[in-house]
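Sequence order for the protein chains is B and R.
For any residue, its number in the working numbering is found by taking its place in the first sequence, counting from 1, and adding 77.
For any residue, its number in the working numbering is found by taking its place in the second sequence, counting from 1, and adding 77.
Don't be surprised by glycine CBs; every beta carbon is placed ideally from N, CA and C.
To start, the structure itself, in structure tokens.
2 protein chains.
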Amino acid sequence: MASRDAVQLEVGQAYFELYHQVHRIVDQAMGAAGLSLARAKVLMRLQDRGPMNQSTLAGLLGYAPRSVTDTVDALERDGLVARTDDENDRRARIVALTPAGRDACETARTVRNQAMDEIFGSLTVRERGTLVELLAKIRTNLPTGENPCAQ
Amino acid sequence: MASRDAVQLEVGQAYFELYHQVHRIVDQAMGAAGLSLARAKVLMRLQDRGPMNQSTLAGLLGYAPRSVTDTVDALERDGLVARTDDENDRRARIVALTPAGRDACETARTVRNQAMDEIFGSLTVRERGTLVELLAKIRTNLPTGENPCAQ
DNA sequence: CTACGATGGTGAGGTACCTCATCATGAGGA
DNA sequence: TCCTCATGATGAGGTACCTCACCATCGTAG
């Protein structure tokens, strides 16, 4: 049991420490391109799924709705997205990419792909597959099954 | 190449999304015990390594020194650590656990272990080992080799 | 039709990180 | 000695998340 616990802690520690570094690398790369990871995520979701309200966006990203408000505020200030009223629901506001937002999104994809390549490129294809499987397994067996992310 | 990129992105996405959930779970568990993940990390390092200055602590945690100042401020306010002057270097301030800090640290360890068990418990021992190896491999091959963390 | 609970968005306030600038001290060389 | 550069800590200010409280609107059950 001592060894079982030890492995448990080891994997937890490895996971958290690596994340910290990986996040820094990606964020830094995004920063160099005048973006940020959080904003890029929003832009890419909008490009993939089209305009949507903030609540849906929050669900997709797995964030609290309030957090999306802030991020969209910033993106709107920078002219990368535009908010319009929803004709069918006067509470809601539809967020859509602007042309500038689309451009930024393309840049973000390129930067992200480079970063992903730098980070996970040291693994073989087989290893990457294994890693994806392991992460998926952890995720599906996670407690507190409240995961409103609709993929 | 399309498939190669796809796997790359998939693993990146899986990694980031899982982290978000895992972080929430652990932080929530810590919160229920009146702590927080960030503070618990500091406490546990101090317990493992003994009193040290903030700069060293920053190195161990992989944080910017400025961030440690904030966290230690909070811990000091709560009476979990105490700062004393370093006799050998009048710039430095030595951070040490208080008895209350030691107690909190024990609680934190328990909570963390439970959380780790909930999160990674769905993997077999073998799978956990594989995961640790993969993460380690990624980490050692990471670009921008500036990793001032002394283990 | 109205009265209610659920939902979309935001204000206020908090935590955890960051960078950059600043200040005091330490430590080495001219 | 004194000058300079490196280093420990912090002030100021920023980003990305969070919760909780609140308001307007929606949808539904009486």
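Where R/Thr161 is concerned, the enclosing beta strand (DSSP E) starts and stops at 158 to 162. Listed in chain order, the positions of the region 192 to 221 of chain B with a beta carbon within less than 7 Å of a beta carbon of chain R are Met193, Asp194, Glu195, Ile196, Phe197, Ser199, Leu200, Val202, Glu204, Arg205, Gly206, Thr207, Leu208, Val209, Leu211, Leu212, Ala213, Lys214, Ile215, Arg216, Asn218, Leu219, Pro220, Thr221. Between the region 162 to 177 of chain R and the region 123 to 130 of chain R there are three or more inter-stretch CB-CB distances shorter than 8 Å, so the stretches are counted as touching.
In this structure, R/Leu95 sits away from R/Lys118, with a CB-CB distance that is not shorter than 9 Å. A Cβ of chain R is located within less than 9 Å of the beta carbon of B/Glu87. B/Asn130 has B/Ile171 as its beta-bridge partners, per DSSP. Sequence-distant partners of R/Ala177 (beyond 5 residues in either direction) whose C-beta falls short of 6 Å from its own C-beta, in its chain, are Gly156, Leu157. By the beta-carbon neighbour count (other beta carbons within 10 angstroms, threshold 16), R/Thr217 is exposed. Three or more Cβ pairs drawn from the region 198 to 213 of chain R and the region 85 to 105 of chain B lie within less than 8 Å of each other, which places the two stretches in contact. For the C-beta of B/Gln98, the chain R residues within less than 8 Å are, from N- to C-terminus, Gly139, Arg216, Leu219, Asn224. Cβ-Cβ distances below 6 Å link R/Val99 to Ile196 in the same chain, with the five nearest sequence neighbours on each side left out; the list follows chain order.
Boundaries of the alpha helix (DSSP H) harbouring B/Ala213: 202 to 217, taken from the DSSP string.
The beta-carbon of B/Arg126 is placed no less than 9 Å from the nearest beta-carbon of chain R. Assigned with DSSP and collapsed to three states, B/Tyr140 falls in coil, not helix or strand. Contact annotation, B/Leu208 with R/Val88: C-beta distance approximately 5 Å; criterion of less than 8 Å satisfied. Neighbours of R/Ala91 across chain B, judged by C-beta separation under 7 Å: Val209, Leu212, Ala213. For R/Gly198, no alpha helix (DSSP H) run applies, since DSSP gives it neither H nor E.
Contact of R/Arg122 with chain B is not assigned, every C-beta pair being separated by 9 Å or more. Residue-level contact by beta carbon holds for R/Arg189 and chain B, with a gap shorter than 9 Å. Between R/Thr146 and R/Ala115, the beta carbon gap of about 13 Å keeps them out of contact (Cβ cut-off 8 Å).
Put simply, the CB of R/Ile102 is near chain B, with a gap under 9 Å to one of its CB atoms.
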